[in-house]
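2 protein chains.
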Amino acid sequence: MRLAILFGGMSFEHEISIVSAIALKKVLNMPLTFIFLDADGSFYLIPANSMKSNHFSSKSYKKDEKIYLTKGGFEKRGLFKSKPVKDFDTVLNLVHGGQGEDGTVSALLDFYSIPYIGPRKEASVLSFNKWLTKMYAKEIGVECLDYQIVSINDKREINFDYPVIIKPLRLGSSIGVSIVKSAKELDFALDVAFEFDDEVLVEPFVEGISEYNVAGCKVGDEWILSRIEAPQKKEFLDFEQKYLDFSRTESVNSAKIGSELENSLKNSFKTVYGSMFEGALIRCDFFVKDGKIVLNEINPIPGSMANYLFDDFTSVLTKLSSHLPKNRVIKPDYAYINQVQSAKGPKV
Amino acid sequence: MRLAILFGGMSFEHEISIVSAIALKKVLNMPLTFIFLDADGSFYLIPANSMKSNHFSSKSYKKDEKIYLTKGGFEKRGLFKSKPVKDFDTVLNLVHGGQGEDGTVSALLDFYSIPYIGPRKEASVLSFNKWLTKMYAKEIGVECLDYQIVSINDKREINFDYPVIIKPLRLGSSIGVSIVKSAKELDFALDVAFEFDDEVLVEPFVEGISEYNVAGCKVGDEWILSRIEAPQKKEFLDFEQKYLDFSRTESVNSAKIGSELENSLKNSFKTVYGSMFEGALIRCDFFVKDGKIVLNEINPIPGSMANYLFDDFTSVLTKLSSHLPKNRVIKPDYAYINQVQSAKGPKV
Numbered sequence: 001m002r003l004a005i006l007f008g009g010m011s012f013e014h015e016i017s018i019v020s021a022i023a024l025k026k027v028l029n030m031p032l033t034f035i036f037l038d039a040d041g042s043f044y045l046i047p048a049n050s051m052k053s054n055h056f057s058s059k060s061y062k063k064d065e066k067i068y069l070t071k072g073g074f075e076k077r078g079l080f081k082s083k084p085v086k087d088f089d090t091v092l093n094l095v096h097g098g099q100g101e102d103g104t105v106s107a108l109l110d111f112y113s114i115p116y117i118g119p120r121k122e123a124s125v126l127s128f129n130k131w132l133t134k135m136y137a138k139e140i141g142v143e144c145l146d147y148q149i150v151s152i153n154d155k156r157e158i159n160f161d162y163p164v165i166i167k168p169l170r171l172g173s174s175i176g177v178s179i180v181k182s183a184k185e186l187d188f189a190l191d192v193a194f195e196f197d198d199e200v201l202v203e204p205f206v207e208g209i210s211e212y213n214v215a216g217c218k219v220g221d222e223w224i225l226s227r228i229e230a231p232q233k234k235e236f237l238d239f240e241q242k243y244l245d246f247s248r249t250e251s252v253n254s255a256k257i258g259s260e261l262e263n264s265l266k267n268s269f270k271t272v273y274g275s276m277f278e279g280a281l282i283r284c285d286f287f288v289k290d291g292k293i294v295l296n297e298i299n300p301i302p303g304s305m306a307n308y309l310f311d312d313f314t315s316v317l318t319k320l321s322s323h324l325p326k327n328r329v330i331k332p333d334y335a336y337i338n339q340v341q342s343a344k345g346p347k348v
Numbered sequence: 001m002r003l004a005i006l007f008g009g010m011s012f013e014h015e016i017s018i019v020s021a022i023a024l025k026k027v028l029n030m031p032l033t034f035i036f037l038d039a040d041g042s043f044y045l046i047p048a049n050s051m052k053s054n055h056f057s058s059k060s061y062k063k064d065e066k067i068y069l070t071k072g073g074f075e076k077r078g079l080f081k082s083k084p085v086k087d088f089d090t091v092l093n094l095v096h097g098g099q100g101e102d103g104t105v106s107a108l109l110d111f112y113s114i115p116y117i118g119p120r121k122e123a124s125v126l127s128f129n130k131w132l133t134k135m136y137a138k139e140i141g142v143e144c145l146d147y148q149i150v151s152i153n154d155k156r157e158i159n160f161d162y163p164v165i166i167k168p169l170r171l172g173s174s175i176g177v178s179i180v181k182s183a184k185e186l187d188f189a190l191d192v193a194f195e196f197d198d199e200v201l202v203e204p205f206v207e208g209i210s211e212y213n214v215a216g217c218k219v220g221d222e223w224i225l226s227r228i229e230a231p232q233k234k235e236f237l238d239f240e241q242k243y244l245d246f247s248r249t250e251s252v253n254s255a256k257i258g259s260e261l262e263n264s265l266k267n268s269f270k271t272v273y274g275s276m277f278e279g280a281l282i283r284c285d286f287f288v289k290d291g292k293i294v295l296n297e298i299n300p301i302p303g304s305m306a307n308y309l310f311d312d313f314t315s316v317l318t319k320l321s322s323h324l325p326k327n328r329v330i331k332p333d334y335a336y337i338n339q340v341q342s343a344k345g346p347k348v
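Residue numbers (my numbering), protein chains in the order written: chain A, 1 to 348; chain B, 1 to 348.
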């Protein structure tokens, strides 16, 4: 399997997507093509030896070859004709945040019939918008924390006792997230969050809660689940810490937990994944609170694809790429249209 | 305002989208451009006088000018250079069903920064998948009928007493829908529905229920709501009937209902629309059951845009086009990326 890593995108997570792609280059043992989506919406074919942060921050990538979406893949455009980019079979959607996780990239790849690893449109929308994630969790019977949505024009009233945690509704990587310890800190935290979204999620902040991360995917009828990690962190992972997190390539040890909790976490993961996330490798971050498993977040495109949680990450992606969801091909037969007299237009 | 009507699409509702576009041509009193998306994913500029059903069923449209998505709009491609299609300011997404209503078209138009009337990605996904519509309705406190999801590989067991109504999960226009009166009709109805989707929705079928349709949109802080229609129908609108429905251009009378019910229906509409459907003109189909309002369906791109429910439809679209949601433009500043040592690559 030859993989094209698609990264970048117009989002607040543009830079961490670059870091993630560089991390995967180190980890994956397969032919790789790198496709950069810049913040202006152009695609570039990046030579493997240019995959360094400076190549992007200096805008040197603009000298690389520009490529374009076309039916079945990407193409290079010459003066007289276009040539397909033939170096890959499957795209890995590694565009974190907006565009990548909000359904835009999946819609583009679906529309142009390009096979890809990553969340489909519905899965993207449900995991990118934290309110919709709550809805989904409740529907499938997975516990989540209480919450409140505050819009930019709403009265700034909080329904919970402090401390609370405030998050922009549609953003990952802890960008714009604050823990608010008292009412006098509220305005500032909301101002910060509203920089990134017109709606924010407010949750009670529970101290001393255990967090466990599980990644995985479904390949046909087989589940491939990762080790369970108990992330070491401060109060919560702020952006800079998470940023470093995205560059992870060294494998971690499993959390020291009993097999009962391990099984419960894995079952919760499977319930969340369901058929909704088919085609994607996702990471679910759970809390354990009073012995109950609570879903914190679904990362439909986790940082560096959570490669560090798997023993042989190349084979995980290879297997997944061979079991991607198929879109139905529908050909109109125009059997009905001629029955509609009004659509025929005047007789001549 | 100059409008481009985008219609067609690869979906089971391809043909009714054509009928819808032809109906709007008759109704709208403004400069119109017609962009046809064929089932192969190509776009064509259709001359207004070719807007007849036969032009599409005979494939004559293939002789029309092919156009391509590009930043800010569509372009014609010549041998040496490309020319933008400049005849419109706003696109009206009139692609019913798959691609148009599932978030694909909105993602494409967002990605290429083309202003459009139509549901955004989240709104598309929530209204196209009937299961997600139920989730959303419950979350916002709007009643809906009980339901059950049956997947193609599930045991064929129904949780309700007969009669039940069976619908493909992701499809409009009553395609693949059956009323099942007894267990012996179940297999056939499921077979039909599974032709169109791997998951189906099962609901109890309630006879003699009243149905009311309301369409509208929010323009800034102002609501534009249509007349309320009590559609005359058989047991339910089957595809052929609905198909005819999509060609409607003659305005209908308001349902004869008291002002209390009228207000309740309008309030339910506003609750459903919320901020989720901003930018779209939608139609909500409600049932009234035991005096309670129950949401049946959200049509984020209703047939012929439900023009027949408004007095001056041209002005509705003109107003809406002046208040479309804006996407945030995000420019990466690369402030963080150089802090990540591992992303810099080896020093030379």
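From the three backbone atoms N, C-alpha and C, an ideal C-beta is built for every residue, glycine too.
Please read these numbers as outputs of a predicted model, since none were measured by experiment.
Practice task
With a 10 Å radius around its C-beta and 16 neighbouring C-beta atoms as the bar for buried, classify lysine 130 (chain B) as buried or exposed.
Solution key: In the second sequence, the residue the question calls residue 130 (chain B) occupies position 130. The residue is buried, with at least 16 neighbouring Cβ atoms inside 10 Å.
Problem - Within chain A, the residues that phenylalanine 12 (chain B) reaches when beta carbons sit closer than 7 Å - result: The sequence position of residue 12 (chain B) within the second sequence is 12, counting from 1. The answer, in chain order, is Ile330.
Handout entry: Start and end residues, beta strand (DSSP E) containing serine 178 (chain A)
Key = Here residue 178 (chain A) refers to the residue found at position 178 when the first sequence is read from its first residue. First-last of the beta strand (DSSP E) with serine 178 (chain A): 178 to 180.
Practice task
Could you tell me which chain D residues have their CB closer than 7 Å to the CB of asparagine 129 (chain B), listed as they occur along the chain?
Solution key: Given the protein chain composition of this structure (A and B), no chain D is represented.
Exercise for the section: On a CA-only basis, which of B:Ser106, B:Asn267, B:Ala48 and B:Glu222 is nearest leucine 69 (chain B)? Give me that one, please. Expected result: Looking up residue 69 (chain B) in the second sequence gives position 69. Ranking the options by Cα distance to leucine 69 (chain B), first place goes to B:Ser106.
Exercise for the section: Count the other C-beta atoms from every protein chain shown that fall within 10 angstroms of the C-beta of valine 206 (chain B), then say buried if there are 16 or more, exposed otherwise. Expected result: By 1-based counting over the second sequence, the position of residue 206 (chain B) is 206. It is exposed - the Cβ of valine 206 (chain B) has fewer than 16 other Cβ atoms within 10 Å.
Handout entry: Cβ of aspartate 137 (chain A) within 8 Å of any chain B Cβ
Key = Here residue 137 (chain A) refers to the residue found at position 137 when the first sequence is read from its first residue. Note that residue 137 (chain A) is alanine in the sequence shown, not aspartate. Not one chain B Cβ lies under 8 Å of alanine 137 (chain A).
Problem - chain A contact residues for aspartate 146 (chain B), given Cβ-Cβ distances below 7 Å - result: On the second sequence, position 146 is the one that residue 146 (chain B) refers to. Correct list: empty, because the minimum Cβ distance to chain A is about 14 Å.
Practice task
Determine the DSSP secondary structure at valine 164 (chain A), reduced to helix, strand or coil.
Solution key: Your numbering for residue 164 (chain A) matches position 164 in the first sequence. Strand, per DSSP.
Problem - For asparagine 263 (chain B), the three-state DSSP class (helix, strand or coil) - result: In the second sequence, counting from the first residue as 1, residue 263 (chain B) sits at position 263. Three-state result, asparagine 263 (chain B): helix.
Problem - Minimum Cβ-Cβ distance from glycine 41 (chain B) to chain A less than 8 Å - result: Taking the first residue of the second sequence as position 1, residue 41 (chain B) is located at position 41. Using a CB distance cut-off of 8 Å, glycine 41 (chain B) counts as an interface residue toward chain A.
Exercise for the section: Use the C-beta contact count for phenylalanine 2 (chain B): other C-beta atoms within 10 angstroms, 16 or more gives buried, fewer gives exposed. Expected result: Locating residue 2 (chain B) in the second sequence gives position 2, counting from the first residue. The question names phenylalanine, but residue 2 (chain B) is arginine in the sequence shown. The residue is exposed, with fewer than 16 neighbouring Cβ atoms inside 10 Å.
Practice task
Assuming glycine 98 (chain B) contacts glycine 41 (chain B) (C-beta within less than 8 Å), just tell me the rounded distance between them.
Solution key: Stepping through the second sequence from its first residue, residue 98 (chain B) is reached at position 98. Stepping through the second sequence from its first residue, residue 41 (chain B) is reached at position 41. At roughly 12 Å, the Cβ-Cβ gap does not stay under 8 Å, so glycine 98 (chain B) and glycine 41 (chain B) are not in contact.
Practice task
Measure from the C-beta of aspartate 110 (chain A) to each C-beta in chain B and report whether the shortest distance is under 8 Å.
Solution key: In the first sequence, residue 110 (chain A) corresponds to position 110, counting from 1. So yes, aspartate 110 (chain A) belongs to the interface.
Handout entry: Within-8 Å CB hit, phenylalanine 56 (chain B) to chain A
Key = Translated into the one-based positions of the second sequence, residue 56 (chain B) becomes position 56. By the rule that beta-carbons nearer than 8 Å mark a contact, phenylalanine 56 (chain B) touches chain A.
Handout entry: chain B within 8 Å of glutamate 203 (chain A), Cβ atoms only
Key = As a position in the first sequence, residue 203 (chain A) is number 203, starting the count at 1. By this cut-off, glutamate 203 (chain A) is not an interface position.
Handout entry: proline 84 (chain A) and aspartate 64 (chain A) closer than 8 Å at C-beta
Key = As a working mapping, residue 84 (chain A) is identified with position 84 in the first sequence. As a working mapping, residue 64 (chain A) is identified with position 64 in the first sequence. No.
Problem - Straight-line Cα distance separating alanine 215 (chain A) from alanine 306 (chain A) - result: Sequence index remark: in the first sequence, residue 306 (chain A) carries index 306 (1-based). Sequence index remark: in the first sequence, residue 215 (chain A) carries index 215 (1-based). Approximately 7 Å, taken between the alpha carbons.
Handout entry: Short-range partners of chain B found in the segment 45 to 79 of chain A, where Cβ spacing is below 8 Å
Key = Met51, Lys52, Ser53, Asn54, Phe56, Ser57, Lys71 and Leu79
Exercise for the section: Provide the residue(s) that pair with leucine 92 (chain A) in DSSP beta bridges, ordered along the chain. Expected result: Counting from one through the first sequence, the residue named residue 92 (chain A) turns up at place 92. In the DSSP output, where bridge partners are listed per residue, leucine 92 (chain A) has A:Ile5 and A:Ile117.
Practice task
Within its chain, find whatever has a CB closer than 6 Å to the CB of lysine 266 (chain A); leave out the 5 residues flanking it on each side and keep chain order.
Solution key: For the purposes of this step, residue 266 (chain A) is taken as residue 266 along the first sequence, with counting starting at 1. Closer than 6 Å at Cβ, skipping near neighbours: Leu225.
Handout entry: For isoleucine 330 (chain B) and serine 57 (chain A), the rounded distance between their alpha carbons
Key = The sequence position of residue 57 (chain A) within the first sequence is 57, counting from 1. The sequence position of residue 330 (chain B) within the second sequence is 330, counting from 1. Approximately 15 Å between the Cα atoms of the pair.
Handout entry: Partner residues on chain A for alanine 230 (chain B), Cβ-Cβ distance less than 9 Å
Key = What you label residue 230 (chain B) is simply residue 230 of the second sequence in a count that begins at 1. Going along chain A, no residue has its Cβ under 9 Å from alanine 230 (chain B), so there is no contact; the nearest lies around 23 Å.
Problem - Close beta carbons around lysine 134 (chain A), own chain, < 7 Å, minus the five adjacent residues each side - result: Within the first sequence, the letter at position 134 stands for residue 134 (chain A). Result list for lysine 134 (chain A): Cys144 and Tyr147, in chain order.
Exercise for the section: Closer than 9 Å by beta-carbon distance: list the chain A residues that pair up with leucine 132 (chain B), in chain order. Expected result: Here residue 132 (chain B) corresponds to residue number 132 of the second sequence, with the count starting at 1. Result: Glu122, Val125, Leu126, Leu132, Met135, Tyr136 and Glu139.
Problem - Local conformation of serine 226 (chain A) per DSSP, three classes - result: On the first sequence, residue 226 (chain A) is found 226 positions in, with the first residue counted as 1. Serine 226 (chain A): coil per DSSP, three-state reduction.
Exercise for the section: Output, in chain order, the set of chain A residues within a Cβ distance shorter than 7 Å of aspartate 102 (chain B). Expected result: Along the second sequence, one-based indexing puts residue 102 (chain B) at 102. Per Cβ cutoff of 7 Å: Lys121.
Problem - Run of the alpha helix (DSSP H) containing leucine 28 (chain A), from where it starts to where it stops - result: Residue mapping note: residue 28 (chain A) aligns to position 28 of the first sequence, counting from 1. Per DSSP, leucine 28 (chain A) belongs to no alpha helix (DSSP H) and is neither H nor E.
Handout entry: Beta-carbon contacts of phenylalanine 128 (chain B) that lie in its chain and below 6 Å, excluding the five residues immediately before and after
Key = Your numbering for residue 128 (chain B) matches position 128 in the second sequence. Here the set comprises Glu101, Asp102 and Arg170.
Exercise for the section: Check the Cβ-Cβ distances between tyrosine 359 (chain A) and every residue of chain B, and say whether any is below 8 Å. Expected result: Not covered by the structure: residue 359 (chain A). The range shown for chain A is 1 to 348.
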